[in-house]
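2 protein chains.
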Amino acid sequence: MIYNAPIKDMLFLLNECFGLDTVRALPGNEEVDTDLLETILEEAGKFCSTELLTINQAGDEHGAVHADGAVTTPPGFKEAYAKFVENGWTGIDSNPEHGGQGLPKVLHVLIDEMLGATNLSFKLYAELSRGAYHLLDHTASDEIRARYLPNMVAGTWSGTMCLTEPHCGTDLGLLTTKAVPADNGSYRISGAKIFITSGDHDLTENILHLVIARIAGAPLGTHGISLFLVPKFLVNDDGSLGERNGVTTASIEHKMGIRGSATCALNFEEATGYLIGEKNRGMAAMFKMMNIERITVGMQGLGFSEIAYQNALAYALDRHQSKAPAPRPDDSKASDPIVYQPEVKRQLLTMRAQIEGARALAVYTAMHADIMEKSSDKKAANDAKDLVALLTPVIKAFFTDLGMSSTLSAQQIYGGHGFVREHGMEQLVRDCRITPIYEGTNEVQALDLVARKLTGSTGEFADRFFAEWLAFAKKNKDAAATTAMQHLIEATAWFRERHESDDAAVRGAATQYLRLFALAIIGCMWTKSVAAMKNQEGGFYAAKRKVARFYAEQVLPETGSLLATITGGDAALADFEITDFSD
Amino acid sequence: MIYNAPIKDMLFLLNECFGLDTVRALPGNEEVDTDLLETILEEAGKFCSTELLTINQAGDEHGAVHADGAVTTPPGFKEAYAKFVENGWTGIDSNPEHGGQGLPKVLHVLIDEMLGATNLSFKLYAELSRGAYHLLDHTASDEIRARYLPNMVAGTWSGTMCLTEPHCGTDLGLLTTKAVPADNGSYRISGAKIFITSGDHDLTENILHLVIARIAGAPLGTHGISLFLVPKFLVNDDGSLGERNGVTTASIEHKMGIRGSATCALNFEEATGYLIGEKNRGMAAMFKMMNIERITVGMQGLGFSEIAYQNALAYALDRHQSKAPAPRPDDSKASDPIVYQPEVKRQLLTMRAQIEGARALAVYTAMHADIMEKSSDKKAANDAKDLVALLTPVIKAFFTDLGMSSTLSAQQIYGGHGFVREHGMEQLVRDCRITPIYEGTNEVQALDLVARKLTGSTGEFADRFFAEWLAFAKKNKDAAATTAMQHLIEATAWFRERHESDDAAVRGAATQYLRLFALAIIGCMWTKSVAAMKNQEGGFYAAKRKVARFYAEQVLPETGSLLATITGGDAALADFEITDFSD
Numbered sequence: 068m069i070y071n072a073p074i075k076d077m078l079f080l081l082n083e084c085f086g087l088d089t090v091r092a093l094p095g096n097e098e099v100d101t102d103l104l105e106t107i108l109e110e111a112g113k114f115c116s117t118e119l120l121t122i123n124q125a126g127d128e129h130g131a132v133h134a135d136g137a138v139t140t141p142p143g144f145k146e147a148y149a150k151f152v153e154n155g156w157t158g159i160d161s162n163p164e165h166g167g168q169g170l171p172k173v174l175h176v177l178i179d180e181m182l183g184a185t186n187l188s189f190k191l192y193a194e195l196s197r198g199a200y201h202l203l204d205h206t207a208s209d210e211i212r213a214r215y216l217p218n219m220v221a222g223t224w225s226g227t228m229c230l231t232e233p234h235c236g237t238d239l240g241l242l243t244t245k246a247v248p249a250d251n252g253s254y255r256i257s258g259a260k261i262f263i264t265s266g267d268h269d270l271t272e273n274i275l276h277l278v279i280a281r282i283a284g285a286p287l288g289t290h291g292i293s294l295f296l297v298p299k300f301l302v303n304d305d306g307s308l309g310e311r312n313g314v315t316t317a318s319i320e321h322k323m324g325i326r327g328s329a330t331c332a333l334n335f336e337e338a339t340g341y342l343i344g345e346k347n348r349g350m351a352a353m354f355k356m357m358n359i360e361r362i363t364v365g366m367q368g369l370g371f372s373e374i375a376y377q378n379a380l381a382y383a384l385d386r387h388q389s390k391a392p393a394p395r396p397d398d399s400k401a402s403d404p405i406v407y408q409p410e411v412k413r414q415l416l417t418m419r420a421q422i423e424g425a426r427a428l429a430v431y432t433a434m435h436a437d438i439m440e441k442s443s444d445k446k447a448a449n450d451a452k453d454l455v456a457l458l459t460p461v462i463k464a465f466f467t468d469l470g471m472s473s474t475l476s477a478q479q480i481y482g483g484h485g486f487v488r489e490h491g492m493e494q495l496v497r498d499c500r501i502t503p504i505y506e507g508t509n510e511v512q513a514l515d516l517v518a519r520k521l522t523g524s525t526g527e528f529a530d531r532f533f534a535e536w537l538a539f540a541k542k543n544k545d546a547a548a549t550t551a552m553q554h555l556i557e558a559t560a561w562f563r564e565r566h567e568s569d570d571a572a573v574r575g576a577a578t579q580y581l582r583l584f585a586l587a588i589i590g591c592m593w594t595k596s597v598a599a600m601k602n603q604e605g606g607f608y609a610a611k612r613k614v615a616r617f618y619a620e621q622v623l624p625e626t627g628s629l630l631a632t633i634t635g636g637d638a639a640l641a642d643f644e645i646t647d648f649s650d
Numbered sequence: 068m069i070y071n072a073p074i075k076d077m078l079f080l081l082n083e084c085f086g087l088d089t090v091r092a093l094p095g096n097e098e099v100d101t102d103l104l105e106t107i108l109e110e111a112g113k114f115c116s117t118e119l120l121t122i123n124q125a126g127d128e129h130g131a132v133h134a135d136g137a138v139t140t141p142p143g144f145k146e147a148y149a150k151f152v153e154n155g156w157t158g159i160d161s162n163p164e165h166g167g168q169g170l171p172k173v174l175h176v177l178i179d180e181m182l183g184a185t186n187l188s189f190k191l192y193a194e195l196s197r198g199a200y201h202l203l204d205h206t207a208s209d210e211i212r213a214r215y216l217p218n219m220v221a222g223t224w225s226g227t228m229c230l231t232e233p234h235c236g237t238d239l240g241l242l243t244t245k246a247v248p249a250d251n252g253s254y255r256i257s258g259a260k261i262f263i264t265s266g267d268h269d270l271t272e273n274i275l276h277l278v279i280a281r282i283a284g285a286p287l288g289t290h291g292i293s294l295f296l297v298p299k300f301l302v303n304d305d306g307s308l309g310e311r312n313g314v315t316t317a318s319i320e321h322k323m324g325i326r327g328s329a330t331c332a333l334n335f336e337e338a339t340g341y342l343i344g345e346k347n348r349g350m351a352a353m354f355k356m357m358n359i360e361r362i363t364v365g366m367q368g369l370g371f372s373e374i375a376y377q378n379a380l381a382y383a384l385d386r387h388q389s390k391a392p393a394p395r396p397d398d399s400k401a402s403d404p405i406v407y408q409p410e411v412k413r414q415l416l417t418m419r420a421q422i423e424g425a426r427a428l429a430v431y432t433a434m435h436a437d438i439m440e441k442s443s444d445k446k447a448a449n450d451a452k453d454l455v456a457l458l459t460p461v462i463k464a465f466f467t468d469l470g471m472s473s474t475l476s477a478q479q480i481y482g483g484h485g486f487v488r489e490h491g492m493e494q495l496v497r498d499c500r501i502t503p504i505y506e507g508t509n510e511v512q513a514l515d516l517v518a519r520k521l522t523g524s525t526g527e528f529a530d531r532f533f534a535e536w537l538a539f540a541k542k543n544k545d546a547a548a549t550t551a552m553q554h555l556i557e558a559t560a561w562f563r564e565r566h567e568s569d570d571a572a573v574r575g576a577a578t579q580y581l582r583l584f585a586l587a588i589i590g591c592m593w594t595k596s597v598a599a600m601k602n603q604e605g606g607f608y609a610a611k612r613k614v615a616r617f618y619a620e621q622v623l624p625e626t627g628s629l630l631a632t633i634t635g636g637d638a639a640l641a642d643f644e645i646t647d648f649s650d
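Which chain is which? The protein sequence lines are A and H, in order.
Numbering-wise, the numbering used here comes out as the position in the first sequence, counting from 1, plus 67.
Numbering-wise, the numbering used here comes out as the position in the second sequence, counting from 1, plus 67.
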């Protein structure tokens with residue numbers, strides 16, 4: 068397997084397509100410039116394509132192991148994690164107050180892409196920890212922040228998010244884990260959690276579990292859920308590790324993929340927990356962080372797409388089979404590289420056109436995440452917040468769907484060699500397969516988009532947002548993007564008409580709408596990319612213009628049929644009763 | 068995992084939708100009637116959902132094992148194979164002359180669906196054998212047929228197809244395996260073959276390899292390839308097994324799925340081989356059988372879709388999570404079964420609508436395969452041959468793509484529980500993944516369709532075929548199917564204009580065209596199904612009408628965007644040069 072971090076394209080997006088001015092103008096970002104970002108991206112790319120990619124296949128073969136009550140990570144993970152910590156990657160976007168580097172999100176999403184591409188199992192140990200860090204940094208008391216966060220930034224302690232229980236995943240309101248107040252202001256947490264990523268492992272000295280539970284007497288449903296910090300080892304007043312807390316690892320899951328990642332079933336038995344934020348407000352705090360985490364998961368999908376594309380291209384350039392259509396590259400040969408087969412070229416271009424467009428959308432969204440967090444301009448920060456809220460489910464779902472279609476397509480280009488394990492293509496498919504499922508399934512993302520993001524203030528923002536990009540596409544005479552945006556606006560109107568009156572219709576067309584949304588807005592990202600290239604000539608720009616054209620002519624037409632299925636078909640769905648399934 | 072063979076739907080197609088008259092009128096089919104077919108389908112369904120399904124998961128876990136030069140099948144496979152033989156399943160469509168039952172193909176494709184659904188790894192041991200049997204029955208001399216075939220029908224000997232070599236899969240013209248004439252009229256075969264399904268195993272006493280090789284001095288390319296029978300054990304004149312032939316198992320592949328199936332690398336070292344058919348005509352003989360095998364692979368994809376659908380439906384009826392849109396099934400509950408979520412219902416209906424429509428197409432095509440083989444009416448037999456030739460690549464590619472989309476969708480409905488191994492959903496995805504790859508990748512099918520089946524006599528037949536189904540859709544006032552057929556005819560015209568002038572454009576739009584073809588013709592199968600129900604009332608018919616409507620309104624609109632990408636975009640593909648990939 069090869070991986071070359073797509074730094075050229077990343078820098079094009081940062082410097083030329085969107086520009087760094089807005090991000091640099093934010094407080095704390097004074098030192099952020101092209102040179103700094105380029106250096107960091109190159110270092111990250113090097114780390115990923117050497118340290119992480121090389122242990123990825125063995126990680127899959129050995130898997131994480133649960134024995135004698137402890138979890139061991141696969142060979143090489145400990146050494147790689149030590150270097151990861153040493154190089155400062157655990158604190159890159161953390162608060163300088165806790166020893167972090169406070170670098171912008173727009174940089175971090177690109178690093179997320181690289182980590183996701185080269186070793187998702189490894190990445191997850193750090194990723195969930197980072198999510199837990201930000202959640203604590205936003206929500207916990209000063210005392211807890213001071214006591215726990217520096218060690219998280221330093222990478223010596225890590226964190227988890229404990230949400231799912233055997234009977235509830237999507238619907239966390241059903242959870243039964245209990246919290247009983249103890250004398251000293253802490254709580255006793257009891258219950259069973261499943262699917263806890265990095266729930267136990269041997270990479271850090273302590274693990275800080277962020278657990279949602281119901282305090283005795285709290286209301287049912289999501290409004291009775293509180294958030295607790297439950298360390299694996301209790302922490303003494305001097306910061307040293309104390310006794311083992313009442314949390315044990317019951318088992319780890321045997322999974323289709325990301326087998327190097329320990330997915331744990333954890334039992335909490337009167338474990339000591341500390342309330343984080345307000346009572347019964349745990350879901351709100353958790354969701355705030357889950358939203359950022361959802362973009363991160365989207366970047367995993369993009370990373371899988373990129374590494375799948377790179378390897379499929381390399382294979383297609385190397386594998387000779389059958390003759391190309393005339394004019395052949397070399398008439399004297401018995402066969403040509405399969406990349407000359409138009410169908411193989413199509414598959415590669417379909418990946419590339421979506422990958423580059425999606426990356427532009429990621430950079431655009433992450434820049435707004437930075438504005439949302441740091442801008443002193445209230446209006447700008449608020450608009451950015453709406454933009455991020457609107458695009459988060461689109462990025463999570465579309466990018467991970469793209470991860471699946473790209474890894475499957477790359478595997479297909481390898482033919483039978485893609486089905487055997489040695490080339491690693493089948494591992495990409497298996498590892499990527501979790502991304503459309505976790506952090507809220509892609510169907511849940513679509514429901515979030517149509518039910519929450521098209522309504523209220525984000526809904527008002529959406530209208531402005533669509534109108535602006537439609538105008539931009541028109542101004543740049545991009546007929547395909549213009550049509551796609553018109554389809555999006557028309558589909559949005561269909562939902563608006565039904566929000567109050569027909570919940571089932573709204574929910575039933577959600578995934579189609581999310582896909583239409585993503586295709587159309589990525590169409591505009593291509594308009595923007597092409598406009599940003601101005602009259603620049605040369606290989607990179609010339610190729611990118613051709614990819615843009617391919618996207619417009621070969622990918623975007625799907626919005627037409629999506630619109631037709633959305634606006635034409637709710638009756639066919641509604642008409643079919645659940646009892647009809649048994650006939 | 069559950070599996071209930073969809074016999075009700077199968078019988079509807081056989082008895083009501085298409086009727087058995089034509090098949091019964093064929094010589095040798097005098098005893099074929101509804102009762103007989105129903106009895107056999109029920110027996111097959113019982114065998115599959117008990118004997119085969121129960122050993123499928125262990126087959127995946129243990130896999131086939133290669134040690135000390137021999138291959139061992141997973142636990143339970145030997146016992147199941149003994150029952151399979153005992154019940155006569157190895158000879159169901161074989162020639163009565165060799166002890167077979169000579170039952171029609173239309174029955175066998177439905178059994179193929181069941182076998183594919185419940186245990187593809189097991190099925191492959193018998194399936195390749197059956198392919199080899201038919202190839203020998205069509206092509207070999209009377210002497211060879213008499214000597215080898217009765218044991219194949221009895222299931223005590225099995226067969227393989229040895230085509231692929233390390234450097235050639237799709238392009239077999241590049242093969243290097245050599246055949247040197249020996250004194251006694253036999254040949255000495257030497258070379259390395261890979262990806263040989265059931266290349267070695269412990270289920271039968273002998274294995275008959277059908278090997279393609281080049282006789283010393285034969286032309287390069289596919290016109291210099293001959294076909295040989297190379298038994299694992301030579302057969303004495305009295306029919307007893309003689310010495311071991313010069314074929315050894317170098318290794319078996321470690322694969323993403325169908326791990327219970329032994330995929331072998333075989334070395335032939337001066338092995339004794341017998342020429343089958345004429346010198347240098349091996350590919351033609353092989354392809355004749357591969358076409359039937361391609362329909363069989365399509366049925367595997369359909370089987371995967373069906374079992375994925377059944378289990379996802381059962382899970383969705385059982386798993387309570389979140390509230391359904393009003394009116395809820397039970398307002399007193401905290402949550403409802405997820406099948407009430409419109410998006411889950413949509414995914415299930417999307418599977419079902421395609422599965423039932425595809426099954427209709429399979430029955431329709433298989434009936435024509437019977438006519439092609441047995442009809443004494445030359446014109447009817449010839450038309451049937453064209454019909455089967457035209458639809459074979461469509462069935463192979465679309466059905467296996469459907470297998471992937473259905474297994475992935477079913478896994479998605481299970482959420483995180485679909486990603487862990489215990490529920491078996493992830494195994495379905497892994498096992499199904501080979502079907503779009505082997506027996507000619509789906510891209511090769513699409514090329515076959517546009518390059519060979521839209522031209523010449525099959526091309527002329529295609530025009531009549533499209534016109535007839537368009538007229539049928541119109542007559543039945545099926546607007547959606549009418550539009551889809553018009554799209555298909557328009558797209559076909561686009562190819563016709565370019566067949567001579569623009570090979571690259573033809574090849575580059577082939578997969579889109581195959582998908583459009585499949586969607587449109589399955590639309591007509593739904594027209595036919597609905598028409599066949601006449602005024603029949605009751606659950607089965609009422610549900611089927613609703614599924615038909617869902618297909619028309621929610622699945623068929625895709626033909627519009629497919630037509631747009633076909634007719635609108637060859638320049639975007641052509642414009643991108645191979646060298647642009649490196650920019």
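We treat Cβ as the ideally placed atom computed from N, Cα and C, and that holds for glycine.
(message) Check whether chain H comes within 8 Å of glutamine 479/A, counting only Cβ atoms and requiring the distance to be less than that.
(response) Closer than 8 Å: yes.
(message) For threonine 432/A, tell me which candidate among Ala134/A, Val461/A, Ile211/A has the shortest Cα-Cα distance.
(response) Comparing Cα positions, the closest option is Val461/A.
(request) Taking a Cβ distance cut-off of 9 Å, strictly less, list which residues of the segment 406-420 of chain H are near chain A, in chain order. (result) If the cut-off is 9 Å between Cβ atoms, the segment 406-420 of chain H has Val406, Tyr407, Gln408, Pro409, Glu410, Val411, Lys412, Arg413, Gln414, Leu415, Leu416, Arg419 near chain A.
(request) Scan the segment 315-339 of chain A for residues whose Cβ lies nearer than 7 Å to a Cβ of chain H and list them as they occur along the chain. (result) Here the close residues are Glu320, His321, Lys322, Met323.
(request) Determine the direct distance from the alpha carbon of aspartate 100/H to that of leucine 93/H, and round the result to whole angstroms. (result) Each residue's Cα considered, the two are about 12 Å apart.
(request) Using the Cα positions of leucine 203/H and alanine 577/H, report the straight-line distance between them to the nearest angstrom. (result) Put simply, the backbone Cα of leucine 203/H is about 33 Å away from that of alanine 577/H.
(request) Compare the C-beta of proline 624/H against all C-beta atoms of chain A and say whether one is closer than 8 Å. (result) Yes, its Cβ sits closer than 8 Å to a Cβ of chain A.
(request) Provide the residue span of the alpha helix (DSSP H) that contains lysine 113/A, from first to last. (result) Residue range 101-114 is occupied by the alpha helix (DSSP H) that includes lysine 113/A.
(request) Verify the CB distance criterion: does glutamine 621/H have a CB-CB separation below 8 Å to chain A? (result) So, interface residue.
(message) Run through chain A and tell me which residues come within less than 8 Å of cysteine 235/H, C-beta to C-beta.
(response) Within chain A, the residues near cysteine 235/H are Gln388.
(request) Look up asparagine 334/A in the DSSP assignment and say whether it is helix, strand or coil. (result) Assignment of asparagine 334/A by DSSP, reduced to helix, strand and coil, places it in the strand class.
(request) Return yes when the Cβ of valine 430/A is within less than 8 Å of the Cβ of valine 173/A, no when it is not. (result) In this structure, valine 430/A lies closer than 8 Å to valine 173/A by Cβ.
(request) Could you please tell me which residues of the segment 375-404 of chain A, in chain order, have their CB closer than 7 Å to any CB of chain H? (result) Answer in chain order: Leu380, Gln388, Ser389, Pro392, Ala393, Ala401, Ser402.
(request) Can you pull the chain H residues whose beta carbon is under 8 Å from the beta carbon of glycine 143/A, in chain order? (result) Close to glycine 143/A, with beta-carbon spacing below 8 Å, lies no residue of chain H; the smallest spacing is near 20 Å.
(request) Could you tell me whether the Cβ of tyrosine 505/H comes closer than 8 Å to any Cβ of chain A? (result) Yes - at least one Cβ of chain A is within 8 Å of the one on tyrosine 505/H.
(message) Taking the straight line between their C-alpha atoms, what separation do you get for alanine 572/A and arginine 563/A?
(response) Rounded to whole angstroms, alanine 572/A to arginine 563/A spans 11 Å at the Cα level.
(message) Three or more C-beta pairs under 8 Å: does that hold for the segment 442-455 of chain H against the segment 522-537 of chain H?
(response) Output reads yes: the segment 522-537 of chain H touches the segment 442-455 of chain H.
(message) I need the straight-line Cα distance from alanine 585/A to glutamine 553/A, nearest angstrom please.
(response) About 13 Å.
(request) Report buried or exposed for histidine 435/A, applying the criterion of at least 16 other Cβ atoms within 10 angstroms of its Cβ. (result) Buried, by the Cβ-count rule.
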